[in-house]
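Worksheet for the structure shown next.
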Amino acid sequence: MPTKTRPIETFAQAVAKCSTEASAYGKCIVADYNSVHKDKCLTEFMRLKNCYLVYSDYLDVDVYMLTII
């Protein structure tokens, strides 16, 4: 009997597919971490979020999991 995959495991797989986008977002934030503010790295964040959404559809991740990020 195959084991059921937990939603967080599937979400982790989606996150793993977006390492380039995550790295770019992280570098943007760290570049001037003393003045982080809303929308500071909006372009990088949106690329990362869109990557998560693409792979979540591909891996059938519950969209609720993505609304918490």
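Offset between the sequence shown (1-based) and my numbering: plus 95.
Even for Gly, the Cβ is constructed at its ideal location relative to N, Cα and C.
Membership of residue 120 in the alpha helix (DSSP H) is indicated by the continuous run 114 to 126.
Sequence-distant partners of residue 120 (beyond 5 residues in either direction) whose C-beta falls short of 8 Å from its own C-beta, in its chain, are 136, 139, 140, 142 and 143. Cα atoms of residue 108 and residue 116: separation of roughly 14 Å, rounded to the nearest angstrom. CA-CA distance, residue 130 to residue 122, rounds to 14 Å.
With a cutoff of 7 Å on beta-carbon distance, residue 112 and residue 150 are scored as near each other. A direct Cα-to-Cα measurement between residue 114 and residue 124 gives close to 15 Å.
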